Each structure stands twice: as C-alpha cells, then as structure tokens.
Amino acid sequence: MPEFNEKLILPDIADLHNIEVYEQHGGYQALRKALTMQPAAVTDEVKKSNLRGRGGACFPTGLKWTFMPKDSAKPKYLCANGDESEPGTFKDRQIFEFNPHIFLEGCLIAAYAMGIQTVFVYVRGEYATWIKLLQKAIDDAAAKGYIGKNILGSGFGTEIVIYRGAGAYICGEESALMNSIEGERGYPRVKPPFPAQFGVWGNPTTINNVETIANVPVIINRGWEWFSKIGAPKQPGTLLFGISGHINKPGVYEAPTGTLLTDLIYKNGGGVRNNKKIKAVIPGGSSTNWLRGEEIEGVKMDADSLKAVGTAIGTGGIIVMDEDTDVIRVIARITHFYHHESCGQCTPCREGCGWMEKILNRFLAGQGTLADIDLLLDVANNIEGNTICALGDAAAWPVQSVIKKFRNEFEKRARKTPQAHSYVPPPHLVTAAS
Amino acid sequence: MLSEQNLRKLEDLRKKYPTEKALTLPVLWMIQEEHGWISPEAMKFVADLLHLPLRHIYGVVTFYTMFNSKPVGKYHLQVCTNVSCQLLGAEKLVDHVCWRLKIKPGETTADSRFTVTEVECLGSCGTAPMMQVNDRYQENLTVEKVDKLLSELK
Chain R
1 MPEFNEKLIL PDIADLHNIE VYEQHGGYQA LRKALTMQPA AVTDEVKKSN
51 LRGRGGACFP TGLKWTFMPK DSAKPKYLCA NGDESEPGTF KDRQIFEFNP
101 HIFLEGCLIA AYAMGIQTVF VYVRGEYATW IKLLQKAIDD AAAKGYIGKN
151 ILGSGFGTEI VIYRGAGAYI CGEESALMNS IEGERGYPRV KPPFPAQFGV
201 WGNPTTINNV ETIANVPVII NRGWEWFSKI GAPKQPGTLL FGISGHINKP
251 GVYEAPTGTL LTDLIYKNGG GVRNNKKIKA VIPGGSSTNW LRGEEIEGVK
301 MDADSLKAVG TAIGTGGIIV MDEDTDVIRV IARITHFYHH ESCGQCTPCR
351 EGCGWMEKIL NRFLAGQGTL ADIDLLLDVA NNIEGNTICA LGDAAAWPVQ
401 SVIKKFRNEF EKRARKTPQA HSYVPPPHLV TAAS
Chain F
1001 MLSEQNLRKL EDLRKKYPTE KALTLPVLWM IQEEHGWISP EAMKFVADLL
1051 HLPLRHIYGV VTFYTMFNSK PVGKYHLQVC TNVSCQLLGA EKLVDHVCWR
1101 LKIKPGETTA DSRFTVTEVE CLGSCGTAPM MQVNDRYQEN LTVEKVDKLL
1151 SELK
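Going down the list, the sequences are from chains R and F.
Using the numbering used here, the letters of the first sequence map in sequence onto residues 1 to 434.
Using the numbering used here, the letters of the second sequence map in sequence onto residues 1001 to 1154.
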C-alpha cells in the first residue's frame, strides 16, 4: 500500500466539533447506514476490519462485541473508557475537544450492533473542561434526533450518559471502571465472569476505549476491506500517538500503525530539544518497557513489531528522554505513581510498589547498594503476575526494563554509598524489629 | 447541604441509574462543587440521602484523590510532577510555587487562598509542565508564567 497520509479520527477540518460542520463532512452518515443494516452485520463489519482496542490490550473489537448475548432479559450496557490516566497519554482529550461527534456516532453504532439502550462514557474527573465540551456535543446530537428514543425513525433508541470519575488511575481498568459507575471504590474484579456476562450491576456489558469507538464510523463508511489495509496488517488503522518529553514539537499525531518510531520523533515531533542524543524512549505510556536510544532505529509502532523488541504499543504515548536524563529519578517517579495508584486489594502490588519506591529513593539519596539492585528486581518479579489486574504488572515491567537496560547507572550510584551492606530487609521487617 | 437546583438534578439522575449507590460519585461531586470539600457532616448527609452506610461514603471519599476530605484554599494549585512534566522541570516548578507561597506541598496558606498539591499525570503531557488551578488547566508553564498567574489570582 502506498504511504497513507489521511487522518481519520482527527482530520484537519476547522470547527469539526460543531455538529453542522461535522454533518457537512459526512457526519452521522455511518449511523444512517448502520441503521439500515442488521445489527449482526454491523458487528461483522467491525470484526472483519480487524480493528483492535486502543486502550493497550489490543483485543479485537468486533470479537469482543460478539461476546454480548443476543437475547437478554437484562439491560445491556456499553461503557466508553475515557479515564485516560496512563502517564504519557493525552489522546482521548483531543477527540472530546476536536471531534467529539465521531466518537458519539461510534457509540451509537456500537449500541445498535449490540442492542444496547444505555451508553456510559466514563471520563476522568480532572477533564472538567472536556466533560462540558462532550456534554454540549451530546445535547446537540440529541436535539437533532441522533440520540434518544427512536433514532432517525429507526425504532432503535439509546441514551449517552457521562459518568465523571474522581481521580483514580485504576478506574481505567475495565472492571474497576464498572465498580466506579456502580458507586463503589475502584476495585478491579476477579475474572471470570467477564463483563459480557456479568458487567455493571451484573448485566451484560462491553467496555471499549474512546479511540477504539471513534474508529467505528470510519469502518462503516468506508468498509472493512479498505480499513483493514491501512498500516500494520494485524492491527490496521491509524493511531493517535502522543509524543512528549524532551521533544521540539510535543503533541498528538495521527499516523498509521507500523509508522517508524524515528519518523514520529524526528518528523512529527521535530526531533530532540537542543539537538541532544536520545538516551531512552518509553514507546506506549509509562507501563511499557523502555528502549535505549540506540535501539529505536527501524522500530515500527504496532503491537507485533514492539512485542518483537520486548515492549508494547500500550496507549501509543511516546516519552522521549535526552542524554542528560537521570533514569533512576524518572523510574522512581513512575514507581511512586504506581504506589499511589495501587487500589490496595492485592498484597504484592500494594506493598511491593511501596518497597520498590523506597529502594529507588535510596539510590536517589546515595544510599543504594549493589544488593539493592537485585532486591529491586526480586520485588518486581514477585509483583508481576500475582495480582488481580494488570496494575501490578504495569508497575513491575518498567522497573525490570530499566534495570535491564541501565544496570550500569544503578551500579555507578551504588558505589558511592558510604556504608555498603549486602542485605536490606524489606521495610515491613524493619518496622517490626524496631 | 445541597442547593435546590442540585436536588432537582439528583431527581433526574435517579432515573438514569438502577441503584442509589450509583449516585454516590455524582452527589459527592455536587457537594464538593458547592462547598469546596466534603466534611464529615456532608458525608453523613450523603449517606442518609442515598440510604447507604456512612462507611461506604467515607470509603469512596478517601479512595478517590479528587475528593477533598480536608478544606482547600480558594485556589487549588495541582502541579503534575509525573514523568513527562518531570522531564521538563515540574519539580522546580513545585519548589518555586511553594517558595512563593511559603508552604509545602499538601498545605494551605494562612489566608486560605492557596493550596498546593503535587498530583499524578493529568493527561497534558504534550503541553508539559502544567498545573490545574481549580478546574482549569494551565499549560506550557515557566517560572515567569507561574509568577504572573499567581499575581493575577486574588
């Protein structure tokens, strides 16, 4: 396929947030088309397009929709995940601001395909400004008969309700998100049962990322075949890449999956500030494994290519660090984040994240020892895979990868320690003994 | 504890959710918007209003970082110090704000005008460093911009 330059989700059209402008550019035509199709045919279209979730797990969206029971005596729900709290990620916010109707249209099509009468849009509480913008878009769409009972005379009806979060990263985890909507603390649930069987209030529920849903109208308008040929074959379409850190032109850039990481950094992002060398890159938000500066050449930004180099696409939040960066300071800050955001249900994550933070802070204070490096790794390894949700893994992976890629920096710091000792007991033992 | 307008809004919300518990966060938001924080009396009020145990309300208020269980100043300055902001000098920004206001992170000035809090990623990484002043995002900050901003907040 020739180079694909089209922007599907955030095209360069002024005032696209305005419903009239959106309609002039073909807006809500996909909804009209979908309403003439059988619901199962809509799902099938999405399934064949090979659209994958944009929230980090890359699960096939159409397949997820087929898990919903066709006949259900209970109400069914769609939850759009706009919690967007992964450090380095700021894409959904752009959709709410610049093209909210493509997202709402996607919600309506998804609701029609799955026979859903209520869509909850879970938006992080800090996005007060964007909640207002989105509510305005919902009101405008409802006034035109796109949302509500008997949409466009089809007999099908659904409502879209914004649910405002209140500051909890964990609520981006789908089952914690559902608990939050139920008015609970954001505790992830043990799976199975999966949301399609037992979701909000025990009803069949599908949770999709905001960006994922925004792709749906494009697929319905242009057809699955066209969509499936964009970018990387196994994860087609465009992604909204967020580029931040030591970069000349940080921002959100839409590009096909499989775009070179170096192109995003140097062409879109305008290169590194002050022409410095790159020390490290986080490719997909703070939970993904780091790449050293010399490893980024030739790396493509799609799920399979990043997996091949030992990391992940995550949410597409690229964080660039220049040659002067203190990587231990950065990983200590990231670990503090996971410690703060751990919901506290599972001991390995609740305690382990705090221990990792303490050990990293010892290095920052010049008190880390050589044995601390292995202790840190040991704690990380014991969190990984031992928790209900993926937050524990998300905290462990970056620590493991920084030790792997920058062990020499830890060793350099450790040598400066005034009183080297070989074993540092975990903090709880220290407290118990004193 | 809640205005007539919010109580009416609550009646509309009741129709959207199958349980009273689901109204916990929306009602707490209303309380915080009206009072700036959620006092123990307010928690009791919400518990009675929604027919829920007080421990549930307390649990929710203390779980979510945006709910203030202590009073905050007229201007709540929430400075992001997470990775993208950190890389562009957010730590210095916090130091500067605290130095100007003569308080530490988490504290409120004696005249109750400012509270400074270090917060986690606010989804503003492309416009780092940044802080939130009450509901508004202030982005691409420098020390000079912060000084100007603080002098404008009365």
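For glycine and all other residues, C-beta sits at the position ideal for the given N, C-alpha and C.
Source: prediction; values computed, not measured.
Here SER85 of chain R has ARG124, TYR169, GLY172 as same chain residues with Cβ atoms under 7 Å from its own Cβ, once five neighbours each way along the sequence are excluded. Annotation: Cβ neighbours of ASP1135 of chain F in chain R (cutoff 8 Å, chain order): ALA128, THR129. Taking 7 Å as the upper bound on Cβ-Cβ separation, chain F lies near residues GLU84, SER85, PRO87, GLY88, THR89, PHE90, ARG93 of the region 83-101 of chain R.
With its beta carbon less than 8 Å from one in chain F, PRO250 of chain R belongs to the interface. Taking the CA atoms as reference points, LYS91 of chain R sits about 17 Å from VAL216 of chain R.
Here GLU97 of chain R is not near ALA30 of chain R, since their CB atoms are 8 Å or more apart. Interface flag for HIS17 of chain R against chain F is unset, since no Cβ pair is found closer than 8 Å. In chain order, SER1084, CYS1125 make up the part of chain F whose C-beta sits under 9 Å from the C-beta of GLY317 of chain R.
In this structure, R:PRO236 is the residue among R:PRO236, R:ILE243, R:GLY269 with its C-alpha nearest to the C-alpha of PRO256 of chain R. Less than 8 Å divides the Cβ of THR118 of chain R from the Cβ of VAL161 of chain R.
In this structure, VAL190 of chain R lies away from ILE243 of chain R, with their beta-carbon atoms at least 8 Å apart.
Among the residues of chain R, those whose CB is under 9 Å from the CB of ALA1128 of chain F are SER244, GLY245, PRO250, following chain order. Within chain R, no residue has its beta carbon less than 7 Å from that of GLY1106 of chain F; the closest one is some 13 Å off. In this structure THR1081 of chain F is buried. Its beta-carbon is surrounded by 16 or more other beta-carbon atoms within 10 angstroms. Measuring C-alpha to C-alpha distances from ILE403 of chain R to each of R:LEU360, R:GLY392, R:ALA365 identifies R:LEU360 as the nearest.
Taking 8 Å as the threshold, the shortest C-beta distance from GLU182 of chain R to chain F falls below it. For CYS1080 of chain F, the enclosing beta strand (DSSP E) stretches over residues 1075-1080. Excluding residues up to 5 positions away in sequence, ILE403, ARG407, PHE410, GLU411, ALA414 lie with their Cβ nearer than 8 Å to the Cβ of ILE373 of chain R in the same chain.
The three-state secondary structure of GLU97 of chain R, taken from DSSP, is helix.
In the three-state scheme derived from DSSP, where H, G and I count as helix and E and B as strand, ASN50 of chain R is classed as coil. With a contact defined as Cβ atoms closer than 8 Å, LYS279 of chain R and GLU323 of chain R qualify at about 5 Å.
The region 1059-1071 of chain F makes contact with the region 1021-1029 of chain F; the number of CB pairs closer than 8 Å reaches 3 or more. CA-to-CA, the gap between TRP224 of chain R and GLU45 of chain R works out to about 6 Å.
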